[in-house]
Every structure is written in C-alpha cells, then in structure tokens.
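Report on the following structure.
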Amino acid sequence: MYDEEELKLLDHEIGLDEPFDPLDKIEPLNKEEVIKPDIGEMLALLKNPQPQQRMLAARAFCDIEDSRATQYLICLLTDGCPLVRLSVAYAIGRNPSPEAVEPLINQLNQDWNGYVRKGVVWALGNCRDHRCLKPLVDSLKTDIPAVRLWAASSLAQMSDVDYETILGAIPPLIEALLKDIIAAVRSNCAWAIGKLCKELPSNIVYGAAIDALIESFAEDKDLGVREDSKTAILSLGDPRGLQLIETLQEEGWFLGK
116 MYDEEELKLL DHEIGLDEPF DPLDKIEPLN KEEVIKPDIG EMLALLKNPQ
166 PQQRMLAARA FCDIEDSRAT QYLICLLTDG CPLVRLSVAY AIGRNPSPEA
216 VEPLINQLNQ DWNGYVRKGV VWALGNCRDH RCLKPLVDSL KTDIPAVRLW
266 AASSLAQMSD VDYETILGAI PPLIEALLKD IIAAVRSNCA WAIGKLCKEL
316 PSNIVYGAAI DALIESFAED KDLGVREDSK TAILSLGDPR GLQLIETLQE
366 EGWFLGK
C-alpha cells in the first residue's frame with residue numbers, strides 16, 4: 116500500500132510535459148532576474164552556498180539552453196536540498212546531455228524524495244538515450260505512483276532512440292497498462308504504447324501491443340483509460356483494432372459499465 120504522502124504526488128490534472136508541481140509554488144527573490152537572467156550570473160549562482168540561490172539559478176536553466184551549465188547541474192544532482200535537486204533535474208531535462216545520463220541514473224537509484232525521482236525520470240526521457248531504458252522500466256515496475264506515471268511518459272521518448280530500444284520499452288508498458296493499480300499510470304502507458312508503435316512494422320511486438328490496447332479498451336474499469344486506449348488505437352489506424360472498436364460500440368458494449 117502507498118501512504119498518503121506518496122499518493123499526493125500523483126496529480127491527475129498535470130500535463131505530459133511538466134511534472135514539477137512544487138516549482139510553481141516557489142516565489143523568486145527577484146522576479147525580473149528570473150525572467151531575464153544573465154547567464155554568467157546564473158552560472159556563478161549555481162555555486163552559491165545558499166540553497167535558495169542555487170535553486171533559483173537551476174530554475175533559470177529550465178528556460179535557458181546553455182551547455183556551459185551542464186557540469187554544474189550534474190554536480191548539483193546530489194545537493195543536500197531536495198528543492199535544488201528537483202530544480203536541477205528539471206534544468207537537465209531542458210538541457211539534455213549524454214554526460215548527464217549516468218549521474219541521473221545514479222541519483223534515481225538513491226534519492227529518497229519522490230518529487231526528485233519524478234523529475235529525474237522526466238529528464239531521463241528527454242535525454243533520449245538507450246541507457247535510460249532500464250532505469251525507466253525499473254521505475255515503472257517498482258516506484259511510487261507519481262514516478263511510475265512519468266516513467267511511462269518518458270518511455271515514450273524512446274521512440275527517438277533506436278529500434279532495439281523501442282522493442283525493449285513496449286513489453287513493460289503492456290504489463291503496466293494491464294496490471295497497474297493506478298488508472299493515471301495505465302492511461303500514460305496507453306499513450307506511450309501508441310507513440311512507440313508508430314515506429315514499428317507489423318511484427319510480434321506490435322501485435323502484442325495492439326492486443327493489449329484492445330483489451331484495455333474493452334475491459335478496463337476506468338473510462339479514462341478506455342478512452343486513452345481507444346485514442347492510441349485510432350492514432351495507429353490498426354485495421355483489427357478499428358474493426359473491434361466499431362463492433363463493440365455498435366453492440367453497446369459499454370452500456371452499464
């Protein structure tokens with residue numbers, strides 16, 4: 116069972132692109148500086164002894180793409196302040212680098228804070244690197260609901276990596292789509308499967324994914340999950356899935372469900 120604090124991390128209204136709930140609740144010390152930051156000043160602030168200053172500097176690089184910040188941000192992944200680590204994860208996600216992949220994976224494996232792990236899995240997805248596959252799959256299988264939610268979304272970004280990575284991402288997403296106890300996680304899995312399958316030929320993995328989407332559409336107890344599975348099938352244009360959708364709707368399959 117998950118305790119109340121873990122479940123609070125799961126925000127059903129949040130979009131697929133920005134998983135950082137607490138950041139919007141932090142008032143900057145100098146709003147003008149955050150809106151129009153000086154890159155040199157922000158780089159210097161990343162080394163400031165005050166945690167709030169480091170956090171604000173990291174947040175600036177959530178809006179700025181500058182490779183000079185990469186090494187500073189990587190070092191701050193192990194910062195003692197979780198809000199700094201969260202801001203840094205967000206900044207690395209906006210400034211993805213192959214150098215950041217292993218440090219992100221290491222932090223994901225050791226960070227006690229669910230918000231930070233959620234940010235790290237989002238950043239790993241944005242890195243679009245084959246090394247991200249295993250930690251994202253592990254998070255989808257074992258972490259708290261909010262992290263599983265974003266692990267599913269990040270696995271969809273493996274569509275930009277290579278064919279083998281796509282093949283490795285789909286089976287765990289199928290399992291979570293059919294078995295995860297949290298509806299929002301299952302919905303994200305349906306969305307991710309739909310995105311990944313667009314990059315596949317009609318092979319065994321593709322067929323298994325369509326089977327899972329059809330099963331979810333026909334049998335999931337949550338209307339939102341069924342709708343997301345239907346949307347994924349429609350986006351793929353799979354003839355078998357489209358025919359079954361039409362048949363089930365004509366037969367009034369969902370009446371009373």
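Just so we're aligned, residue 116 is where the sequence shown starts under this note's numbering, counting upward by one.
By construction, the Cβ of each residue, glycine as well, lies at the ideal position given by its N, Cα and C atoms.
Inset, instruction - With DSSP collapsed to three states, give me the class of N163. - result: Coil, per DSSP.
Inset, instruction - Note the first and the last residue of the continuous alpha helix (DSSP H) segment covering K249. - result: It spans L248 to T257 - the alpha helix (DSSP H) in which K249 sits, taken as one unbroken run.
Inset, instruction - Give the secondary structure of P316 by DSSP, where H, G and I count as helix, E and B as strand, and everything else as coil. - result: P316 falls in the coil class under three-state DSSP.
Legend entry - Length of the line joining the Cα atoms of E290 and N224: For E290 and N224, the distance between alpha carbons rounds to 22 Å.
Inset, instruction - For the region 208-234, list the alpha helix (DSSP H) runs that are entirely contained and at least 4 residues long, ordered along the chain. - result: Here the runs fully enclosed are 213-225.
Legend entry - Separation of L219 from A204, as counted between CA atoms: Computed Cα separation, rounded: 8 Å.
Legend entry - Of the listed residues A267, E342, I296 and Y278, nearest to N318 (C-alpha basis): Measuring from the Cα of N318, the nearest candidate turns out to be Y278.
Legend entry - Boundaries of the alpha helix (DSSP H) in which I281 is found, first to last residue: Looking at the DSSP string, the run of the alpha helix (DSSP H) that includes I281 is Y278 to K294.
Inset, instruction - Evaluate T362 with the Cβ neighbour count: other Cβ atoms within 10 Å of its Cβ, from every protein chain shown; 16 or more gives buried, anything less gives exposed. - result: That one is exposed.
Inset, instruction - Could you tell me the distance, in whole angstroms, from the CA atom of P58 to the CA atom of D194? - result: This structure does not reach residue 58, given that the chain is present from 116 up to 372, and the question cannot be answered.
Inset, instruction - Please state whether DSSP places K310 in a helix, a strand or coil. - result: K310: helix per DSSP, three-state reduction.
Legend entry - Short Cβ contact (8 Å threshold) for P211 with A175: No, these two residues do not count as a Cβ contact at 8 Å.
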